[in-house]
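This report concerns only the one structure given below.
Protein chains in written order, with full-length UniProt numbering: chain A, 1 to 203; chain B, 1 to 203.
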């Protein structure tokens, strides 16, 4: 992957890598991807720049690792849904609250929005995020096709649309959080749950 | 407002102001708000920096004017809805296609996402965007309360939720456009229209 290998206790190396990712996330959020230099990231991480280069070749390698970490988190959520028993609609309605909380988290939202903005002008970041999105849509469609889903027999284009609208909705909550800081999850859930019901039921 | 006044043909002054806003929009999109300097904006606009300062004091004044122009465009859309005859549901379903097209426009999306990212770390930009959002939510609620709306009698918190979810959905389409460039409006509309129907009907 995007990391250099070196002889070191693997647990310690992993913990140092995470330390760099957390520091870089913080810097990207506060200063923007372009505004945050390796010097500031190393200062925030409490490590020397040389030390950071043992783990990551460049800022691009760091953002790739942040995207990868994000993707792993998302995959574990999808896998939870795939393995949950009972009708998909119930499983997803139960999962809504967590999903809303995650997308209304201001620190996560600010970092994700910064990465998406950067993707609009940086092809490398765009390709990484788009590859993750392909995989997320694939998993979501797999979920809609599973036993216990009311929409499992619908044509592909209908499922593509439902997935896109669902992702737009949750992604858009990150924007809501910035533009309407008073918005709380309970208010969102009143209308969000009926919308999820619509998306998981034949029209 | 944020512009200097000077003795000049008002039509010409207005046209010069728009020329600066277009150039600045382009620069903010390509380089990010922080990355774009007044020198680059003036070069893109084909005007000297001194000439630009006749119209705008600072980059902040330019972004305020961009937000204001955005707001005027949005208000004209809302006013169109407010004045349209017939049941609100039909009016809004008819308006969906335009709304999807606008939010899937990559240039507009990239600029808006950059401003929202910037808002997450820049209080002045945040305050301007949030003030616009307050007004947009007020107008949308006014629309949901008008004659011919099926949800006109619902409690305030229900309308707040419906407005927030609707805004999240359209805002999120800008993110979709960046993460899934192949997404087309017809695919989006398949599931988007039933969702709008849900949001404009009592649950």
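Just so you know, even glycine gets a beta-carbon here, dropped at the ideal spot from N, CA and C.
All of these numbers come straight from a predicted model, not from anything done at the bench.
Asked                                                                                                                                                                : Found
Skipping 5 residues on each side, what residues in its chain have a beta carbon closer than 7 Å to that of residue 48/B?                                             : 42
State the beta-bridge partners of residue 28/B as determined by DSSP.                                                                                                : Answer by DSSP bridge pairing: none, since residue 28/B is not bridged.
Entirely within the region 59 to 129 of chain A and at least 4 residues each: give me those alpha helix (DSSP H) ranges in chain order.                              : 59 to 83, 88 to 104, 106 to 119
Mind listing the chain B neighbours of residue 67/A? Cutoff is C-beta to C-beta under 7 Å, in chain order.                                                           : Within 7 Å Cβ-Cβ: nothing; residue 67/A doesn't reach chain B, min ~11 Å.
Pairing CB atoms from the region 123 to 138 of chain A with CB atoms from the region 132 to 151 of chain B, are three or more of them under 8 Å?                     : no
For residue 165/A, tell me which candidate among 171/B, 163/B, 160/B has the shortest Cα-Cα distance.                                                                : 171/B
What did DSSP end up calling residue 167/B once you bin it into helix, strand or coil?                                                                               : helix
Let me know if residue 186/B comes out buried or exposed under the rule of 16 or more other beta-carbons within 10 Å of its beta-carbon.                             : exposed
Which residue's Cα is closest to the Cα of residue 45/A: 25/A, 60/A, 35/A, 162/A?                                                                                    : 25/A
So which residues of chain B does residue 77/A contact, with C-beta pairs closer than 9 Å?                                                                           : Near residue 77/A there are no residues of chain B at all, since even the closest Cβ is about 17 Å away, more than 9 Å.
Taking 7 Å as the CB-CB limit, is residue 188/B close to chain A?                                                                                                    : yes
Tell me, to the nearest whole angstrom, how far the beta carbon of residue 82/B is from that of residue 196/B; I am working on the premise that it is less than 8 Å. : Actually they are not in contact, since the Cβ atoms of residue 82/B and residue 196/B sit about 17 Å apart, beyond 8 Å.
Taking residue 51/A as the query, report the chain D residues whose CB atoms sit under 7 Å from its CB, ordered along the chain.                                     : Considering every chain present, this structure includes no chain D. Its protein chains are A and B.
Please say whether residue 104/A and residue 31/A have beta carbons closer to each other than 7 Å?                                                                   : no
Count the other CB atoms within 10 Å of the CB of residue 124/B; is the residue buried (16 or more) or exposed (fewer)?                                              : exposed
So, does the CB of residue 54/B fall closer than 7 Å to a CB anywhere in chain A?                                                                                    : no
Helix, strand or coil: how does DSSP classify residue 151/B here?                                                                                                    : coil
Roughly how many whole angstroms lie between the Cα atoms of residue 112/B and residue 8/A?                                                                          : 44 Å
Taking C-beta pairs closer than 8 Å, name the residues in chain B that residue 161/A reaches, listed in chain order.                                                 : 187, 188, 189, 190, 191, 192
Along chain A, in chain order, which residues have C-beta atoms closer than 9 Å to that of residue 41/B?                                                             : Under the 9 Å cutoff, chain A gives no residues; its nearest Cβ is about 16 Å from residue 41/B.
Identify the contact partners of residue 198/B in chain A, using a Cβ-Cβ distance below 7 Å as the criterion.                                                        : 194, 195, 198
For residue 108/A, which residues in the same chain have their Cβ closer than 7 Å to its Cβ, ignoring the five residues on either side in sequence?                  : 102
DSSP state of residue 21/A, grouped into three classes?                                                                                                              : helix
May I ask you to list, following chain order, the residues of the region 16 to 44 of chain A that have a beta carbon less than 9 Å from some beta carbon of chain B? : 29, 30, 31, 32, 33, 34, 35
At a Cβ cut of 8 Å, what residues of the region 88 to 121 of chain A count as close to chain B, listed as they run along the chain?                                  : 106, 109, 110, 113, 114, 116, 117, 118, 119, 120, 121
Does the CB of residue 125/A have a neighbour CB from chain B at under 7 Å?                                                                                          : no
Anyone know if the C-beta pair for residue 53/B and residue 17/B falls short of 7 Å?                                                                                 : no
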